[in-house]
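Asks:
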Amino acid sequence: MFPLNDTEPNRYSAFPVMTFFIIVLNTVVLMFEYALGAQDVGDLFGFYRLYGSVPQLILNREGLGAVSAITSTFVHAGLFHLLSNMWALWVFGRRVEDACGPWRFLGYYLLAGLCSDLLSTIVRSQLGRADIPGVGASGAVFGVMGAYLLLFPGGRIRTFIMLWFIPMFPKVRALWVILYYLVVQYISAYNVLFNDRGFYVNYWAHLGGFFACLLIFLFLSPEAFERYWNDQPV
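Listed below in structure tokens is the structure:
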């Protein structure tokens, strides 16, 4: 199940300016990483250790410390890593930004990234992976997906599904699309914690970001909050 686009219209704004800006910024950072890697692979690893989230450095207050919980959100380990995160951000971020406004949305996005890294740092430091840099926007993106689930559970997401060898593109309720991905994260996070498998993906960061969705109501625009409070479509 692969989400392609949100088929519902915006209510308050025509274009998700901040979502687009975040995508551009992440792309620029990856281009800079490629430029570093072309010169010296050691520089690229040093870049990950400096701007990625390394639990050992955070807990010892070294390097950028807790600031790396934010900077790591804009660093990716390759083109596919970037595309998968930014695609999901575009699909789910458009309407969440619409309900918040661009600057409130940015604040929520960064907070989701912070919550993501907090849980990830705790788990990785307990499992002996405290020296490995964590990078990527996926935790913050899962926070956006969680916010979408709370605000627009009935939203329709055009989804790519391969049934046997036949491609299908149904409109699926956002509730089922997001719960599908959430269940996958829970199963994978369990395997990381108890079966010592799957460390190449930071599943606990995904869950930490998703839990941040409970804070989205602090970032809604007044009109969107009033509509939600009065049980009206946001």
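Here the sequence shown stands for residues 592 to 825, numbered as in my numbering. C-beta: ideal position from N, C-alpha, C; glycine also.
#1: Assign Ser675 to one of three DSSP states: helix, strand, or coil.
#2: Cutting at 8 Å between CB atoms, please list the residues of its own chain near Asn676, excluding the five before and the five after it.
#3: Just to confirm the assignment, what range does the beta strand (DSSP E) spanning Asn782 have?
#4: Identify, in the order they occur along the chain, each residue of the same chain with its Cβ nearer than 6 Å to the Cβ of Met609, setting aside the five sequence neighbours on each side.
#5: Going by alpha carbons, who is nearest to Leu773 out of Pro758, Phe785 and Gly799?
#6: What residue range does the alpha helix (DSSP H) around Ile661 cover?
#7: For the beta strand (DSSP E) holding Arg720, just list the boundary residues, first then last.
#8: Contact check, Cys706 vs Gly734 under 8 Å by CB: the rounded distance?
#9: Who pairs with Leu710 in a beta bridge, going by DSSP?
#10: Among the residues of its own chain, which have a CB less than 7 Å from the CB of Ser604, if the five just before and after it don't count?
Replies: From the atom records:
#1: helix
#2: Asn617, His667, Gly727, Ala728, Ser729 and Val732
#3: Careful: Asn782 lies outside any beta strand (DSSP E), inside the alpha helix (DSSP H) at Ala765 to Phe785.
#4: Glu688, Pro693, Phe696 and Leu697
#5: Gly799
#6: Ser659 to Thr662
#7: Segment: none, Arg720 is in no beta strand (DSSP E) and carries neither H nor E.
#8: 7 Å
#9: Leu710 pairs with nothing; no bridge assigned.
#10: Asp689
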